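Taking it in order: structure first as structure tokens, then the write-up.
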Amino acid sequence: MIDIHCHILPGVDDGAIDMAMAVGMARLAHEDGIRTIVATPHFNSVFLVESGTVRAKVSELQAELDRLNIPLAILPGNELRLERPQFIYEALKEKRFCYLADNPGYVLMEQSWEGYNEETPDVVERLRAQGTTVILPHPERHIFFRQQPELLEELLGIGVWTQVSVDSLIGNNGAEAEAFALSLVDQGQAHTLATDAHNLRRKPNLSLGYKLVEERAGADAAKQIRDRMELIVASSIYK
Ligand SMILES: [Fe+2]
């Protein structure tokens with residue numbers, strides 16, 4: 245399996261605090277059946293982890309996993325937060341963040357927790373014009389999407405893919421997030437699944453998510469999600 249959202253890089257954001265924890269997360273991921281992780285440190289006003297740092301830390305972690313014979317590929321990525329469109333546009337021009345798996349076809353871009361950014365459709369269209377699909381992490385965890393599902397429907401209508409978190413599907417993010425996540429699965433609107441793992445408790449648990457999707461929506465729905473993951477990492481320069 246491929247995990248496209250994971251804060252496994254050591255010491256850069258609120259994810260793994262050091263190399264030992266990153267290795268611990270890698271072991272759990274491998275036991276779960278994950279073989280590729282796109283590392284997605286935050287790119288926002290609190291944790292601004294830029295592409296140079298991402299690449300250096302990916303190499304460092306990969307070298308350690310190779311040394312320990314943990315067969316897991318780590319690829320570069322970022323989790324952008326749409327706080328100000330202008331900031332995203334400038335960062336885009338200056339290549340300050342990593343696309344998912346370094347594939348300019350996909351970017352992981354979340355909303356702020358405080359509220360929905362009304363300019364999101366403009367940013368999505370601008371990215372789409374250059375051939376980039378926006379993947380929206382954990383919409384089920386945002387109160388504004390739960391209260392105004394039409395906001396999400398508008399984004400889906402212009403080609404946004406959702407990323408539903410496994411923790412939400414199994415109830416770890418509360419009953420409301422669980423219900424919304426399951427409804428996305430039921431409606432065929434869970435385009436991708438990921439762990440958003442941060443540590444050894446908020447851990448890699450992707451197989452559980454696929455199991456739930458298969459039970460509720462069928463094996464074909466789960467396969468479609470797997471195929472999208474393959475597409476994202478397929479052109480990675482690391483493969
Ligand atoms: Fe995240």
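In case it helps, my numbering puts the sequence shown at residues 245 to 483.
Just so it is clear, CB atoms sit at the ideal spot from N, CA and C, and this is done for glycine as well.
For clarity, every value in this text was computed on a predicted model and none was experimentally measured.
A distance criterion of 8 Å places the beta-carbon of T406 beyond contact range of ligand 1, judged by its closest non-hydrogen atom. Assigned with DSSP and collapsed to three states, V378 falls in strand. As a beta-bridge residue in DSSP terms, P320 pairs with A283. Burial of D346 is indicated by the presence of at least 16 other C-beta atoms within 10 angstroms of its C-beta. Counting along the chain, the unbroken alpha helix (DSSP H) around S412 starts and ends at 410 to 413.
A Cβ-Cβ contact shorter than 9 Å links N443 with M265. Between the alpha carbons of L336 and V410 lies a gap of roughly 29 Å.
A distance criterion of 8 Å places the beta-carbon of T436 beyond contact range of ligand 1, judged by its closest non-hydrogen atom. In the DSSP annotation of this structure, the continuous segment of the beta strand (DSSP E) that includes A438 starts and ends at 436 to 438. Nearest C-alpha to D276 among G453, E327, M353, F388: G453.
At least one heavy atom of ligand 1 lies closer than 8 Å to the C-beta of P381. Bounds of the beta strand (DSSP E) holding V351 are 350 to 355. The residues R460, A461, in chain order, have a CB closer than 7 Å to that of D430 in the same chain once the five nearest residues on each side in sequence are set aside. In this structure, the straight-line span from the alpha carbon of Q391 to that of H382 is close to 15 Å.
Between H249 and L316, the gap from beta carbon to beta carbon reaches 9 Å or more.
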